[in-house]
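Student: If you're matching positions, the sequence shown starts at 24 in the numbering used here and goes up one per residue.
Glycine included, C-beta positions come from ideal geometry on N, C-alpha and C.
Given the structure is predicted, the values throughout are model-derived calculations rather than measurements.
This is the structure, below, for whatever I ask next.
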Amino acid sequence: MEHDTIAAVSSAVAESGIGIIRISGPDAFTVIDRIYRSKSGKKRLSEEKSHTIHYGFIVNGEEIIDEVLVMIMRAPRTYTAEDTVEINCHGGIYAMKQTLETVIRHGARPAEPGEFTKRAFLNGRIDLSQAEAVMDVIQSKNEYALKSSVSQLKGSVKAAVGEMREKILYHIAKIEAALDDPEHMSLDGYTEELLPEIREIHRKVCRLIDTADDGRILTEGIQTVIAGKPNAGKSSLMNMLMGEERAIVTDIAGTTRDVLEETINVRGITLRVTDTAGIRDTDDVVEKIGVGRAKEKMQEADLILYVADSSGRLDENDREIMEMLKGRKAIILLNKSDLPSVTTEQMLREQTEDAYPIVSVSAKTGAGMDRLEELLREMFYQGRLSFNNEICITNMRQKTLLQEAADSLKRAIESAEADMPEDFLSIDLRSAYEALGGITGETLGEDIVNEIFGRFCMGK
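See below:
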């Protein structure tokens, strides 16, 4: 299977100007020679120079399927490190389907999801962290996520992990050599050399683990709940953030009965926003369920946007919400700034002991949105992610392996501090070495590799 020639549509299967059919494998040039005809009818692409583009037609016997541009790329300077052909055909769904069927009919087989990237990994073109970054790039929802993914694609995780594994391997080799030949190698005083280095590696691993929450936020967005009492303007705020009338807005208190979830991009920052029922005591059975769900969502949120009505007075419902904010990241939005104020920022600061930033906004006019954007950047990015030098772990598999490595390194440190025999150190260092190797794919079994690439999109 790994040495077959494979083909798939590598662009979106939708009507567009151009569609791309990718062919990769040992018979890629043989296949294209069978179905390509130049305008003069004479060219064999297998005889052409690598990394060149040719204009002609895809044919099935005497039938012309489509007018195309064909790029040929010889191994190993290709995405998969195999001979590769990319056919740029017209982007109609039927045109792409006919072209792909012609390719398959003349010697290729349909590629499985993620198989091109899997071959790039198996052929040593990229490591597993880079392969996972490919899908992160495709699925990026904002500028920050894209920059982080591109950094990993360039090998930032691979370089950091490789450096740590190299140092661990040095100590494993030294311990093993001394245990095998104690007459010529002594480990007396060795822990004084070992401990500072292992502590430093442990610190670096823990620092990477700490970036995982930022990574989740980068890739998935900030889980945000809009909370407030009825008629504070929550749904109006939701509509303003979205730029469309998505939530129903009326003057009737309790209009929103259930949660409404949407993904919103606020100037490059992705918010997964939940608009909730207004929080208040109510005898209405349906509204009471909505209020209960609103409180549950607040407990799960990365961020709570508490909407307070500046044109009305604070009441027990507001105080209940403020109590629920304790210990959580929150921004207070003092809404309806376009109306005469009854509740002021100073009143809210006194009620909350100045624990949260407060922004005067108007869901009607859009006032205050620039300040909200600034606060989001400060609270969740804080300038810490300079995507040229910093690494941000963006998937749970990598975080789990880093945690395993950290646990093993911690045990090694504790053993060294307790003057335990060196073979105990070697066992824990080997465990850390294996866990870190799993991040780049150097120590993973075939079943796990297949599972990872099975989640990729078709044609990639």
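#1: Relative to the alpha-carbon of Glu-373, which residue among Arg-351, Gly-212, Met-345, Ile-149 has its alpha-carbon at the smallest distance?
#2: Grouping DSSP H, G and I as helix and E and B as strand, with all else coil, what is Ile-232?
#3: Mind checking who Ala-134 pairs with in its DSSP beta bridge?
#4: In the DSSP assignment, what residue or residues form a beta bridge with Ile-292?
#5: Determine which residues share a DSSP beta bridge with Tyr-329 and list them.
#6: Find the nearest neighbour of Gln-175 within the set Thr-463, Tyr-379, Asp-332, judged by alpha-carbon distance.
#7: Within 10 angstroms of its Cβ, does Val-365 collect 16 or more other Cβ (buried), or is it exposed?
#8: If we count the other Cβ atoms within 10 Å of its Cβ and call it buried at 16 or more, is Asn-473 buried or exposed?
#9: Check Asp-298 in the structure and name its three-state DSSP category.
#10: Can Ala-250 and Ala-317 be called in contact, C-beta distance under 9 Å?
#11: Which complete beta strand (DSSP E) runs does the stretch 90-154 hold, if anything under 3 residues is left out?
#12: By the DSSP assignment, the beta strand (DSSP E) with His-77 in it spans what residues?
#13: Which one or two residues does DSSP pair with Arg-60 in a beta bridge?
#14: Between the stretch 419-428 and the stretch 382-400, can you find at least three pairs of beta-carbon atoms closer than 8 Å?
#15: For Arg-230, which option in Tyr-213, Lys-66, Val-184 has the closest C-alpha, if you only look at C-alpha atoms?
#16: Put Ala-270 into one of helix, strand or coil per three-state DSSP.
#17: Which residues share a DSSP beta bridge with Ser-39?
#18: Considering only residues of the same chain and omitting the five flanking positions on each side of Gly-130, which have a CB-CB separation below 8 Å?
#19: Which residue comes first and which comes last in the alpha helix (DSSP H) that contains Val-180?
#20: Does the distance from the C-beta atom of Lys-359 to that of Ile-327 stay below 9 Å?
#21: Could you have a look at Arg-485 and say whether DSSP puts it in helix, strand or coil?
#22: Determine whether the Cβ of Arg-67 lies closer than 9 Å to any Cβ atom of chain D.
#23: Name the residue from Ile-354, Glu-284, Lys-483 whose alpha carbon lies nearest to the alpha carbon of Lys-320.
#24: Going by DSSP, which residues form a beta bridge with Glu-284?
#25: When the Cα atoms are used, what is the spatial distance from Val-289 to Met-94?
Tutor: Per the coordinate set shown:
#1: Met-345
#2: helix
#3: For Ala-134, which the question treats as bridged, DSSP gives no partner whatsoever.
#4: Val-289
#5: Tyr-329 pairs with Ala-250, Ile-355.
#6: Thr-463
#7: exposed
#8: In the assembly as shown, Asn-473 is an exposed residue. Its beta-carbon has fewer than 16 other beta-carbons within 10 Å.
#9: strand
#10: It is a contact, given that the beta carbons lie within the stated cut-off.
#11: 107-114
#12: 75-83
#13: Phe-80
#14: no
#15: When each option's Cα is compared against that of Arg-230, the closest is Val-184.
#16: In this predicted model, Ala-270 has a pLDDT of only 41, less than 50, meaning its place in the structure is not dependable; the value taken from the coordinates is given anyway. Coil at Ala-270, not helix or strand.
#17: Gly-114
#18: Thr-28, Asp-50, Thr-53, Val-54, Arg-57
#19: Here the alpha helix (DSSP H) through Val-180 covers 179-203.
#20: no
#21: Because the chain here runs from 24 to 483, residue 485 falls outside it and cannot be looked at.
#22: Reference to chain D is not applicable here, since this structure consists of a single protein chain.
#23: Glu-284
#24: Thr-297
#25: Distance between the alpha carbons of Val-289 and Met-94 is about 39 Å.
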